[in-house]
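In what follows, a single structure is set out as structure tokens and then discussed.
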Amino acid sequence: MTSSAAAATPASAEPYPHLFAPLDLGFTRVRNRILMGSMHTGLEDRARDFPRLAAYFAERAAGGVGLMVTGGFSPNLVGWLKPFGGKLSWPWEVRPHKFVTRAAHEHGALICLQLLHAGRYAYHPLSVAPSKLKAPINPFTPRAMSARAVQSQINAYAAAARRARDAGYDGVEVMGSEGYLINEFTAPRTNRRNDAWGGTPEKRMRFAVEIVRRIREACGPDFIIIYRLSLLDLVEDGNQWDEIVAQARAVEAAGATLINSGIGWHEARVPTIVTSVPRAAFVDVTAKLKPHVSVPLVATNRINMPDVAEGILAAGKADMVSLARPLLADPQWPEKARSGRAHAINTCIACNQACLDHVFENKTASCLVNPRACAETELTYPKTFAARRIAVVGAGPAGLACATVAAGRGHRVTLFDAEPEIGGQFNFAKRIPGKEEFHETLRYFRHRLEETGVELKLSTRADAAALAGFDEVVLATGITPRRVDFPGADHPKVVSYTDVLSGRVTVGARAALIGAGGIGFDVAEFLVQEGPSPSLDPARWMAEWGVDGTFQSRGSLARPQPEPPAREVWLLQRSAGKPGARLGKTSGWVHRATLKAKQVKMLGGVEYLGVDDAGLRIRVDGAEQVLPVDHVVICAGQEPRRDLQASLLAAGRSPHLIGGADIAAELDAKRAIAQGSRLAATL
Ligand code: FAD
Ligand code: NAP
Ligand code: SF4
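Residue 851 is where the sequence shown ends in our numbering, and the numbering goes up by one at each step.
Below is the structure:
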């Protein structure tokens, strides 16, 4: 395969011609340039879940994706990510996979199995690694492998690939990035060996090359081998550019069919996929590799809309694009793009709340904006044969989901909101720097309201009289911000987060925030960042986080250069301990690091004594102090808003409650959308 043969040549008048140009791999053809990147869903670990896994892949294959990659399967027991995780080392483990491969092929997609040996990221005591070095994110210390053990890992890879072929897969993806075993061999950070497998860059990459060579030998010439190469390690003592180029060339020579981009080790302190990472932030490193190899290259990370994907391919920066979470969010993504309906895509907002965070909590993955993800066999929206008149009050995430699912099923739905625009609290969320993606969810719902024929009554506060005559009433009226009670709570300095985010109040140069939950953190980010958000500018974002934009330095790290904060901010909570401990598992650290870089003073164990003209008086560790602030912003949680419920009950109606109107504690959009959708599925 040569670069010119792989280049996406526009073939027709489709809106995204490069994206939908087929990719000829010689022995097989991918129908377009969309690769569904590997995602662990939690359905890989038990054979009994494979019919559900097959349904999940079938839906995405039917949506038009070209090539799919499964979640990671270990080639042997020591490479398990966690005890009893997915692996493919025994003959009897092959059969359940046939459900999956059949499902993909029936809908015209190709499918590869990812081979992932966790190395020192394995969460169990049997873990092995090139050297005995514990990862900073794992309590288990791995055993250093003997030369014989190294050979046995390579044998296991080749045998597992052969089994994948027997199961009907079109190929395998060899996971060589993100700090897992193969990447540990290639990097001086984790490979301290001085034998045939370490000591020089050539010896460090030998493990990777041998694995690819042996898989090619075991599986023959007509089998896809995707090699996921770490183009940016983003850790100290990671690989250097010339070493990465040498690895790319060597795995190509050993038989790789495609090279996929790997960005950042799991222990890296640079975010790589959360919502504040700019779209396609890392694509230039893939482009930089392009002249050095002739196999097709795949660009990845934060590519969530067709114009971004098309731009990458049209500029010749890559030959394919990898979309992972965007296909959880919308299985129809490729088909909608192909047919010129990008506005109908339910865009992944990169929140991680229902996908990665679930996997880290040992729960099945799903998607905040699409609760059907990984629940395809259980949560369905069948057409109704008995259309009813349904009133939904409140066009926040819960009401929008409920109204559109119910109308999509054939009910006649009227959606009320007191505000002049849909979205509820998402209209605050979208104003936070780094949360620009939330606009997309509102664009999607605007489209769905129109498409499903929901009657929308904006600027209309619903009351019991307006709701008479409906067969069902759903209250999705959300929340009211919690008020706090301390001396001076009514001082003009004291404002609510809604005053700040709506623009009703302009906060002075110094502010204290009372409450350090998700909203406290977001408001702090809003106050320290003025002007255009770095999330919209990859170069500024990389400078802030310390990524070497030339990709030349070892690990591609540079000195972080955060821009100065727009204000002096204190973020306070009553409970002891560090603020932010309860934020999302995979995104909380990014919020904490962002605020630290902006010199926000985060205090736990704070007692609020009162507010007066001097500022906010607090007691911490027994010592009183006055924070000389211009404003005190209350971000102290929320209470359900159900003022309509009593009058409806009095009129003999029994409304359904969803979202914040149901339970405000620990409410998030994931629960609001899932609850709205699930209720609508039953009406
Ligand atoms: P709401 O969004 O509060 O919507 C209720 C709607 O009902 C409002 O539009 C209101 O005008 C309307 N209404 C009320 N009474 C009436 C009436 N009588 N008649 C007509 N209309 C009425 N969640 C996440 O999961 N992830 C995040 O990253 C995230 N970030 C956030 C950032 C900020 C700054 C904020 C404020 C919230 C964030 N959230 C986030 C929380 C998320 O927005 C809420 O959980 C979600 O909006 C709750 O949805 P809901 O539909 O229950 O209520
Ligand atoms: P929250 O997470 O419950 O946090 C409320 C904060 O206020 C806590 O720090 C709480 O801690 C404090 N507090 C509560 N009662 C108080 C009182 N009477 N006086 C003083 N302080 C008080 O709620 P939130 O920040 O309002 O967020 C609402 C929901 O939106 C959350 O459930 C969250 O999941 C969601 N959200 C999510 C994200 C995200 O990125 N995933 C972002 C924003 C919002 P102490 O009692 O310790 O002070
Ligand atoms: Fe994307 Fe959030 Fe859905 Fe995950 S949960 S796929 S990050 S929208």
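The beta-carbon is built from N, C-alpha and C at its ideal position, and this holds for glycine as well. For clarity, every value in this text was computed on a predicted model and none was experimentally measured.
Would a C-beta distance cut-off of 8 Å place residue 234 and residue 202 closer than the cut-off?
yes
Every unbroken alpha helix (DSSP H) inside the segment 483-559 [4 residues or more]
493-497, 501-506, 524-528
Quick one, what's near the ligand SF4 if you take every residue whose CB is closer than 6 Å to any heavy atom, in chain order?
493, 496, 497, 516, 517, 518, 519, 520, 521, 522, 523, 535, 536, 537
Helix or strand or just coil, what does DSSP make of residue 241?
strand
In its own chain, which residues sit with a C-beta less than 6 Å from the C-beta of residue 512, not counting the 5 before and 5 after it?
504, 615
Could you pull out every residue in the same chain whose Cβ sits closer than 6 Å to the Cβ of residue 626, ignoring the five residues on either side in sequence?
585, 588
Would you check if the distance between the CB atom of residue 571 and the CB atom of residue 617 is smaller than 8 Å?
yes
Meets three-Cβ-pair contact criterion under 8 Å: the segment 560-569 and the segment 840-847:
yes
Cβ neighbours of residue 416 in the same chain (closer than 7 Å, five flanking residues each side left out):
397, 427, 457, 460, 461
If we call anything under 8 Å between Cβ atoms a contact, is residue 744 one with residue 772?
yes
Could you tell me whether any non-hydrogen atom of the ligand NAP is closer than 7 Å to the CB of residue 687?
yes
Does DSSP put residue 196 in a helix, a strand or coil?
coil
Whose CA, out of 452, 751, 500, lies closest to the CA of residue 479?
452
Sorted by chain position, which residues of the same chain lie with C-beta nearer than 7 Å to residue 454's C-beta, five sequence neighbours on each side aside?
399, 429, 465, 467, 485, 486
Paired residues, beta bridge with residue 648 - DSSP:
807
Check each candidate in 197, 848, 209 and name the one with the smallest Cα separation from residue 523.
209
Closest to residue 753 by C-alpha separation, out of 318, 312, 531, would be which residue?
531
Where does residue 300 land, buried or exposed, given buried means 16+ other C-beta within 10 angstroms?
exposed
Beta-carbon within less than 7 Å of residue 836's beta-carbon, same chain only, minus the 5 sequence neighbours each way: which residues are those?
521
Do residue 641 and residue 506 come within 8 Å of each other at the CB atom, strictly closer than that value?
no
For the candidate residues 777, 515, 237, 528, whose alpha-carbon lies nearest to that of residue 338?
237
Just to confirm, are residue 712 and residue 700 a CB contact at a threshold of 8 Å?
no
Below 6 Å CB to CB, which residues in the same chain sit around residue 119 once its five sequence neighbours on both sides are set aside?
In this structure the chain extends from 169 to 851, so residue 119 is not present and cannot be described.
Any non-hydrogen atom of the ligand NAP within 7 Å of residue 696 CB
no
Measuring CA to CA, which of 326, 382, 298 is closest to residue 351?
298
Ordered along the chain, which non-local residues of its own chain (more than five positions away) have a Cβ less than 6 Å from that of residue 840?
565, 566, 827
Residue 372 classed as buried or exposed, judged by whether at least 16 other C-beta atoms fall within 10 angstroms
buried
Taking 7 Å as the cut-off, does the CB of residue 308 come closer than this to any heavy atom belonging to the ligand FAD?
no
In whole angstroms, give me the CA-to-CA distance for residue 407 and residue 367.
13 Å
Roughly how many angstroms separate the alpha carbons of residue 578 and residue 660, rounded to a whole number?
50 Å
Quick check on DSSP: helix, strand or coil for residue 291?
coil
Among all the DSSP beta bridges, which residues are the ones paired with residue 780?
783
Exposed or buried, what is residue 736 when buried is set at 16 or more other beta-carbons lying within 10 Å of its beta-carbon?
buried
Look at the alpha carbon of residue 537 and the alpha carbon of residue 549, and state the distance between them as a whole number of angstroms.
15 Å
Residue 795: beta carbon under 7 Å from a heavy atom of the ligand NAP?
no
So, at 7 Å on beta carbons, what are the nonlocal neighbours of residue 692 in its own chain, with the 5 sequence-adjacent residues on each side left out?
681, 737, 739, 763, 768
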